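A.B. asks: Sharing a structure, written as structure tokens. Questions coming.
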Amino acid sequence: MPRVNRATSDKTKERIIETAVRIVLNDGFEHLTFTNIAKEANVSRSSTNTHFKNKEELIEAIKPKVGEVIVPLFCYESPEKFLESWKKVYSTDHHAQKLLYNTRNLVSSSDGIKGLISLIQGEDREKVEEVVLYCIGYSMYKGIYGQKPEPA
């Protein structure tokens, strides 16, 4: 079997990453398998294993790209603006709800909370943390966090 040059290998790896991101965003984390990736990226299953030794390694590679889609959904200028944007997304934006549902298992709850706290601007860090925890509670109370959204 001929060796693949570096440029081709890099393109294949990027195609695997882009496909993995698309699967998570469109179909959900539970559909992120090396078999599904290989099929959708039109590469061999062994090729996915060549570039990523395990699913955890692949997840680390796709987190930044998924973040590029998720982070802009909310306003981080202040705790108050974050809360307002959170409520709006969870009450009116069906597409965003689907994205959040599909990516819910990509990061641990504690890492997700820490990430939100670090993004929100404001001098009073205790207030920022309070708002993030309130938002999580709000979503759970409304029955919309971790619950599959109804089709639009």
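The working numbering numbers the first residue of the sequence shown as 2 and each following residue consecutively.
Built from N, CA and C at the ideal position, the CB exists for glycine as well.
Note that this is a predicted model, so its numbers are computed, not measured.
1. Assess contact between the segment 93-103 and the segment 4-21, defined as three or more Cβ pairs (one per stretch) separated by less than 8 Å. Is contact present?
2. Check the C-beta distance from L120 over to V25 and give it rounded, since I have them as a contact under 8 Å.
3. Considering only residues of the same chain and omitting the five flanking positions on each side of K82, which have a CB-CB separation below 8 Å?
4. Between the segment 55-74 and the segment 124-143, can you find at least three pairs of beta-carbon atoms closer than 8 Å?
5. Alpha carbon to alpha carbon, how far is R7 from Y102?
6. Hey, could you find the ends of the alpha helix (DSSP H) C136 is sitting in?
7. Would you call the CB atoms of I38 and T49 closer than 9 Å?
8. Between the Cα of V90 and the Cα atoms of E41, S109, S140 and K115, which residue gives the shortest distance?
9. Taking the alpha helix (DSSP H) that S48 falls in, what are its first and last residues?
C.D. replies: Quick look at the numbers:
1. Cβ pair count under 8 Å is below three, so no.
2. About 20 Å; that fails the 8 Å criterion.
3. In its chain, beyond the 5 residues on either side, C76 have a beta carbon closer than 8 Å to the beta carbon of K82.
4. When C-beta atoms of the segment 124-143 are compared with those of the segment 55-74, fewer than three pairs fall below 8 Å, so the two segments do not count as touching.
5. Within the model, the alpha-carbon separation for R7 versus Y102 is close to 36 Å.
6. In this chain, the alpha helix (DSSP H) harbouring C136 covers R126 to Y142.
7. Their beta carbons are under 9 Å apart, which means I38 touches T49 by this criterion.
8. Comparing Cα-Cα distances from V90 to each of E41, S109, S140 and K115, the minimum goes to S140.
9. Residues R46 to H52.
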